[in-house]
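Residues in the sequence shown are numbered from 1 upward in steps of one, following the numbering used here.
One structure below.
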Amino acid sequence: MSENLSTSLSNEHAAVEVEARGIATITIRQAKSLNILGTPVIADLTQAVQALADRGDVRVLIVRGTGDKGFIGGADINEMAALQRDTAEAFISGLRDLCNALRHFPVPVIARMPGWCLGGGLELALACDIRIAADDARLGMPEVKVGIPSVIHAALMPRLIGNARTAWYLLTGEIADAAESLAAGLVSRVVPLTALDAEVARIAELLASFGPEVVRQQKRLLRAWEEAPLDDAIEDSVSEFGKAFETGEPQQHMAGFINRKR
1 MSENLSTSLS NEHAAVEVEA RGIATITIRQ AKSLNILGTP VIADLTQAVQ
51 ALADRGDVRV LIVRGTGDKG FIGGADINEM AALQRDTAEA FISGLRDLCN
101 ALRHFPVPVI ARMPGWCLGG GLELALACDI RIAADDARLG MPEVKVGIPS
151 VIHAALMPRL IGNARTAWYL LTGEIADAAE SLAAGLVSRV VPLTALDAEV
201 ARIAELLASF GPEVVRQQKR LLRAWEEAPL DDAIEDSVSE FGKAFETGEP
251 QQHMAGFINR KR
């Protein structure tokens with residue numbers, strides 16, 4: 001993508017870059033040192049995600065903050081302190097819509113996670129498909145400590161890490177270090193901070209190297225399987241398997257594999 005087109009997708013709080021091979025990056029900017037999620041930031045990020053979702057040439061999306069102090073330090077507590085019931089519901093609905101835009105983004109979403117990732121930031125990270133953390137990462141849902149429950153995409157936690165671990169983090173507000181986060185399943189991989197960019201790039205390149213249609217199929221199935229009974233998920237996947245052979249990708253990649261074996 002040309003520099004001008006990438007620039008046209010950016011806005012005040014979301015810098016968008018799309019490389020020629022279809023790797024898109026959204027960088028949170030001008031959101032304090034820990035990339036805090038206030039209403040303007042949430043709106044700009046949602047707009048950027050939705051614009052990229054409409055592009056057929058995007059194969060993978062990386063979400064990151066500015067700097068390495070944190071991925072996202074949480075929602076804007078200064079804004080939240082002034083909320084009433086109606087404004088609180090409007091605020092959290094905006095964050096819900098952003099997280100849903102990432103969960104249902106048509107291709108894989110990678111979260112680049114150095115340093116702090118708290119509250120709404122962790123909810124956003126959980127909405128991503130792959131979470132790659134630095135070894136200095138600190139993750140948690142400390143909302144109970146400021147008088148509010150963990151909501152919206154914290155609801156993904158029982159599916160991802162189990163009920164017992166979810167209860168621990170949400171009720172105690174305790175912060176997990178990188179090793180504990182990996183063991184619990186909150187993140188997909190932990191690497192040294194100095195290797196974080198290289199590992200994020202490696203995984204993004206790997207995903208971009210696969211057939212674009214099969215990756216989109218797999219993402220759709222992952223979302224469908226979250227809600228469907230097991231037998232229905234299995235039966236639905238038979239149709240998706242058949243559809244793959246209409247794209248030409250299996251024939252191309254399998255022929256290449258067979259030729260390499262020979």
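For every residue, glycine included, the Cβ atom is placed at its ideal position computed from N, Cα and C.
Requested in this report: Grab me the residues of I175's own chain with a C-beta within less than 6 Å of its C-beta, minus the 5 sequence neighbours each way, in chain order.
Outcome: Correct list, in chain order: R138 and G140.
Checklist entry - Whole beta strand (DSSP E) runs in the stretch 167-213 with 3 or more residues, listed along the chain? => result Within the stretch 167-213, the complete beta strand (DSSP E) runs of at least 3 residues are 175-177 and 189-191.
- Message: Please tell me whether L45 and L98 are closer than 8 Å, where the distance is taken between their beta carbons.
- Response: Between L45 and L98, the CB-CB gap stays under 8 Å.
Figure out for me which residue from T194, I62, A75 and S181 has the closest Cα to the Cα of I152.
Taking only the C-alpha atoms, the option nearest I152 is A75.
Can you tell me whether V238 is buried or exposed? The criterion is at least 16 other CB atoms within 10 Å of its CB, across all chains shown.
V238 comes out exposed.
(message) Which residue wins for smallest C-alpha separation from Q251, given the options P108, V214 and A167?
(response) For Q251, the closest C-alpha among the options P108, V214 and A167 is that of V214.
- Query: CA-CA distance, P142 and G119?
  - Reply: Here the C-alpha atom of P142 lies approximately 6 Å from the C-alpha atom of G119.
Requested in this report: Less than 8 Å between the CB atoms is what I'm expecting for F71 and C117, so what's the real figure, rounded?
Outcome: Confirmed, about 4 Å.
(Q) The alpha helix (DSSP H) that contains G121, what's its start and end? (A) Per DSSP, the continuous alpha helix (DSSP H) segment holding G121 begins and ends at G120 to L126.
- Whether H253 touches G211 by CB criterion (8 Å): Yes, the pair counts as a contact, with Cβ atoms nearer than the cut-off.
Applying the 10 Å Cβ sphere with the 16-neighbour rule, what's the burial state of P192? Exposed.
*asked:* Buried or exposed, going by whether 16 or more other CB atoms sit within 10 Å of the CB of A48?
replied: Its Cβ being crowded by 16 or more others within 10 Å, A48 is buried.
Using 8 Å as the threshold, is the C-beta distance between R21 and A178 below it? For R21 and A178, no; Cβs fall outside 8 Å.
- prompt: If you run the structure through DSSP and keep just helix, strand and coil, what is F71?
  reply: Three-state result, F71: strand.
**Message:** Going by C-alpha to C-alpha distance, which of A133, G56 and E89 sits closest to R64?
**Reply:** Taking R64 as reference, the option from A133, G56 and E89 with the minimal CA-CA separation is A133.
Quiz prompt | First through last residue of the beta strand (DSSP E) which encompasses L139 | solution = Counting along the chain, the unbroken beta strand (DSSP E) around L139 starts and ends at R138 to G140.
*Measure the CB-CB distance between I110 and I28 and report whether it falls below 8 Å.*
Result no, Cβ atoms of I110 and I28 do not sit closer than 8 Å.
Spatial neighbours of A228 within its chain, please: CB distance less than 8 Å, with the 5 preceding and 5 following residues excluded, ordered by chain position.
Result list for A228: D236, in chain order.
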